[in-house]
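Enquirer: Protein chains in written order, with numbering that gives the first Met the number 0: chain H, 0 to 176; chain R, 0 to 262. One structure, pasted below without further comment.
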Amino acid sequence: MNTAVVLAAEEAHNPLLPVWSEVILGSIVFLIVLFAVWKFVVPSFEKAYAERTAAIEGGLSAAETKQAEADAKLAELERQLADARHEAARIREEAREQGAQIVADMRAQAQAEATRIVEHGKAQIEAERQQAVTSLRAEVGTLATGLAGRIVGESLDDEARQSRVVERFLAELEASN
Amino acid sequence: MSSAGALIRAESDFHAPGPGSFELPPVVESLGVTKPMLLLVLSAVIVIGFTWLSARKAAVVPGRLQFAGESVYGFVRGLARDNIGSDHFMKFVPYLFSLFLFILVNNYYGIIPFLQFPSFSRIGFVVPLALMSWIVYIGAGMWAHHGPLGYLKHATMPGGIKGPILLLLVPLEFFSNVLVRPVTLSLRLFGNMFAGHLLLILFATGGAALLTSGNLLYGGVGILAFVLGIGVSFLELLVMFLQAYVFTLLSTMYIGEALAEEH
Chain H
0 MNTAVVLAAE EAHNPLLPVW SEVILGSIVF LIVLFAVWKF VVPSFEKAYA ERTAAIEGGL
60 SAAETKQAEA DAKLAELERQ LADARHEAAR IREEAREQGA QIVADMRAQA QAEATRIVEH
120 GKAQIEAERQ QAVTSLRAEV GTLATGLAGR IVGESLDDEA RQSRVVERFL AELEASN
Chain R
0 MSSAGALIRA ESDFHAPGPG SFELPPVVES LGVTKPMLLL VLSAVIVIGF TWLSARKAAV
60 VPGRLQFAGE SVYGFVRGLA RDNIGSDHFM KFVPYLFSLF LFILVNNYYG IIPFLQFPSF
120 SRIGFVVPLA LMSWIVYIGA GMWAHHGPLG YLKHATMPGG IKGPILLLLV PLEFFSNVLV
180 RPVTLSLRLF GNMFAGHLLL ILFATGGAAL LTSGNLLYGG VGILAFVLGI GVSFLELLVM
240 FLQAYVFTLL STMYIGEALA EEH
């Protein structure tokens, strides 16, 4: 039976005493594992870690940059919009003022023109009237004198008298008008 | 063997498991190759295969396998950084990562059907690992403290203590920090695996012997033994992980302490 073999082995070997072949094998096997892990596994894991860190940090900083850019652009646009509004209001105000000014100017101008035309007309009429009166007076005097001389048959040579008669006649004429 | 043991053997041909249960006959007789040896080699294949496959792509967005590998790697890496400090920990991560996975796989052999033998219940496999941890932390200490004497001073003379008390303290510190550590590292791992496996075979073979004894009362106890064996298996699942973790953690702490500027 096995019992005898097992018993013999049990007495032969103390489990606390290492078997040298196992120590040597254990060392070699573990050193192989260590070598493989050191050479191939750890660098690969570290590479993945580094790349991941870089990717995450890169992504974060890119997002931050984008955010900042967007913020700046938004502020810029808002500023531009406010400027444009302000400008528009200014232009509108200016136009309103200018319009009022133009209307006022035109009105004044028209007024002046009208006054001028009226004045001119009046002056012209007056001048023409004066002229007509003067020429009429001289002509009417001559005609009347000649006519009266012919009718009366007497020569009104006397200058002074003739003149007096004409004046009186005209005065009566004007009064009857 | 006691007379009681002899009596049981005489009655049921049952042999209680003992240290002899760990002396497996060679698989290949002429070369003296045993099952634990094959398991150890297989563990190297598993560890290298798993880590290499999971690390191979090194993708920024990891797949499942890479995620699994990175989880274990990140666990050990975090452990190393916490205990060694961010300046030097990367030098030791390959060693600690290999150590952790190597011990973990070999421990879980104890619970995997058909394999069912934790390699580190053979102290011969534990000794090299403890020695390597010893060399690594002593070496780190010598590097950090400018040679063997500098390290010895760092390791044996706690800062701020002067006078004759040092006569007592220096040998004690030397003993505990330099001599005992590899021994305790080995014994802790070996002892846990050895005892755990012994418990499992005791419950399994004992339960089987009781069930087949033909005695109804013994049979009931046999079923109880199986139930307890299942419970112990779950406990072993935890212990197997914990021992891998503790071995790695202690190695890390020893390195961190050896590198530290002051105590």
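For each residue, glycine too, the CB sits at the ideal point set by N, CA and C.
Under a Cβ-count criterion, where at least 16 other Cβ atoms within 10 Å of its own Cβ denotes burial, should Pro-16 of chain R be classed as buried or exposed?
Expert: The residue is buried, with at least 16 neighbouring Cβ atoms inside 10 Å.
Enquirer: Could one say the Cβ of Ala-8 of chain H lies closer than 8 Å to chain R's Cβ atoms, at least one of them?
Expert: Residue confidence for Ala-8 of chain H is low, a pLDDT of 47 falling below 50, so the modelled location carries little weight; the figure read from the coordinates is stated next. Interface residue, yes.
Enquirer: Flag this pair as touching only if the stretch 57 to 64 of chain H and the stretch 66 to 83 of chain R have three or more C-beta atom pairs under 8 Å; answer yes or no.
Expert: Judged by Cβ distances under 8 Å, the stretch 57 to 64 of chain H makes no contact with the stretch 66 to 83 of chain R, as fewer than three pairs qualify.
Enquirer: Taking Cβ-Cβ distances shorter than 9 Å, what residues in chain R pair up with Ala-47 of chain H?
Expert: Chain R residues near Ala-47 of chain H: Ala-54, Lys-56, Ala-57, Ala-58, Val-59, Pro-61, Gln-65, Glu-69.
Enquirer: Report the neighbours of Ala-81 of chain H on chain R: residues whose CB is nearer than 7 Å to its CB, in chain order.
Expert: Residues of chain R passing the Cβ test: none, with the nearest at roughly 45 Å.
Enquirer: Does the beta carbon of Phe-240 of chain R come closer than 8 Å to any beta carbon on chain H?
Expert: No, no contact with chain H.
Enquirer: Leaving aside the five residues before and after Leu-209 of chain R along the sequence, list all residues of the same chain whose C-beta is less than 8 Å from its C-beta, in chain order.
Expert: Cβ neighbours of Leu-209 of chain R beyond the five flanking positions: Tyr-217, Gly-218, Val-220, Gly-221, Ala-224.
Enquirer: Any contact of the stretch 60 to 70 of chain R with the stretch 133 to 146 of chain R, i.e. 3+ C-beta pairs under 8 Å?
Expert: With the cut-off at 8 Å, the stretch 60 to 70 of chain R and the stretch 133 to 146 of chain R do not touch.
Enquirer: So Leu-248 of chain R and Leu-78 of chain R are supposed to be a Cβ contact under 8 Å. How far apart are they, rounded?
Expert: Yes, they are in contact, since the Cβ atoms of Leu-248 of chain R and Leu-78 of chain R sit about 6 Å apart, within 8 Å.
Enquirer: On the DSSP bridge list, what partners appear for Val-27 of chain R?
Expert: Paired residues: R:Val-32.
Enquirer: Going straight from the alpha carbon of Val-46 of chain R to that of Thr-211 of chain R, what length do you get?
Expert: Roughly 40 Å separates the two Cα atoms.
Enquirer: Cβ closer than 7 Å: which chain H residues qualify as neighbours of Ile-47 of chain R?
Expert: Going along chain H in sequence order, the residues near Ile-47 of chain R (Cβ under 7 Å) are Val-32, Ala-35.
Enquirer: Please name the residue, chosen from R:Phe-88, R:Leu-201, R:Pro-117, R:Ser-29, that lies closest to Pro-35 of chain R on a Cα-to-Cα basis.
Expert: Out of R:Phe-88, R:Leu-201, R:Pro-117, R:Ser-29, R:Pro-117 has the C-alpha closest to the C-alpha of Pro-35 of chain R.
Enquirer: Helix or strand or just coil, what does DSSP make of Glu-171 of chain H?
Expert: Helix.
Enquirer: In three-state DSSP terms, what is Ser-134 of chain H?
Expert: Helix.
Enquirer: Going along chain H, which residues have a C-beta under 7 Å from Leu-39 of chain R?
Expert: Here the neighbours are Leu-24, Gly-25, Val-28.
Enquirer: Enumerate in chain order the residues of its own chain whose CB-to-CB distance from Ala-139 of chain R is below 6 Å, with the five nearest sequence positions on each side excluded.
Expert: Excluding sequence neighbours, Ala-139 of chain R sits near Ile-254, Ala-257, Leu-258.
Enquirer: Taking Cβ-Cβ distances below 7 Å as the criterion, which residues of the stretch 133 to 154 of chain R are in contact with chain C?
Expert: Absent from the structure: chain C. Protein chains present are H and R.
Enquirer: Grouping DSSP H, G and I as helix and E and B as strand, with all else coil, what is Asn-13 of chain H?
Expert: Three-state result, Asn-13 of chain H: coil.
Enquirer: For Ser-43 of chain H, would you say it is in contact with chain R, using Cβ-to-Cβ distances shorter than 8 Å as the test?
Expert: True, the Cβ-Cβ gap to chain R drops below 8 Å.
Enquirer: Under the assumption that Ala-203 of chain R contacts Asn-106 of chain R (Cβ atoms under 8 Å), give the Cβ distance between them as a whole number of angstroms.
Expert: With a Cβ gap of about 18 Å, Ala-203 of chain R and Asn-106 of chain R do not count as contacting.
Enquirer: Do the stretch 165 to 174 of chain R and the stretch 166 to 173 of chain H meet, that is, are 3 or more Cβ pairs less than 8 Å apart?
Expert: Because the criterion of three Cβ pairs below 8 Å is not met, the stretch 165 to 174 of chain R and the stretch 166 to 173 of chain H do not touch.
Enquirer: The alpha helix (DSSP H) with Glu-235 of chain R in it runs from where to where?
Expert: That run of the alpha helix (DSSP H) goes 215 to 258.
Enquirer: Does any residue of chain H have a CB that is nearer than 8 Å to the CB of Glu-22 of chain R?
Expert: Yes, its Cβ sits closer than 8 Å to a Cβ of chain H.
Enquirer: Report buried or exposed for Glu-127 of chain H, applying the criterion of at least 16 other Cβ atoms within 10 angstroms of its Cβ.
Expert: Exposed, by the Cβ-count rule.
Enquirer: List the residues of chain R whose Cβ lies closer than 8 Å to the Cβ of Arg-51 of chain H, in chain order.
Expert: What Arg-51 of chain H touches in chain R: Val-59.
Enquirer: Is it buried or exposed, Phe-88 of chain R, if we count other Cβ atoms within 10 angstroms and call 16 or more buried?
Expert: Buried: at least 16 other Cβ atoms inside 10 Å.
Enquirer: Would Ser-26 of chain H and Ala-54 of chain R be called neighbours here (beta carbons separated by less than 8 Å)?
Expert: No, these two residues do not count as a Cβ contact at 8 Å.
Enquirer: Say yes only if the C-beta of Gly-17 of chain R is nearer than 7 Å to one or more non-hydrogen atoms of the ligand MG, and no if none qualify.
Expert: Absence of the ligand MG from the depicted structure is noted, as is the absence of any ligand whatsoever, leaving it without description.
Enquirer: Less than 8 Å between the CB atoms is what I'm expecting for Phe-124 of chain R and Leu-39 of chain R, so what's the real figure, rounded?
Expert: Indeed they touch by this definition, with Cβ atoms about 6 Å apart.
Enquirer: For Phe-193 of chain R, go through chain H and note every residue whose CB falls closer than 7 Å to its CB, in chain order.
Expert: Result: Pro-14.
Enquirer: Can you give me the Cβ contacts of Leu-52 of chain R inside the same chain, cut-off strictly under 7 Å, excluding the 5 residues immediately before and after it?
Expert: Correct list, in chain order: Leu-64.
Enquirer: Is any beta-carbon of chain R found at less than 8 Å from that of Ser-20 of chain H?
Expert: So yes, Ser-20 of chain H belongs to the interface.
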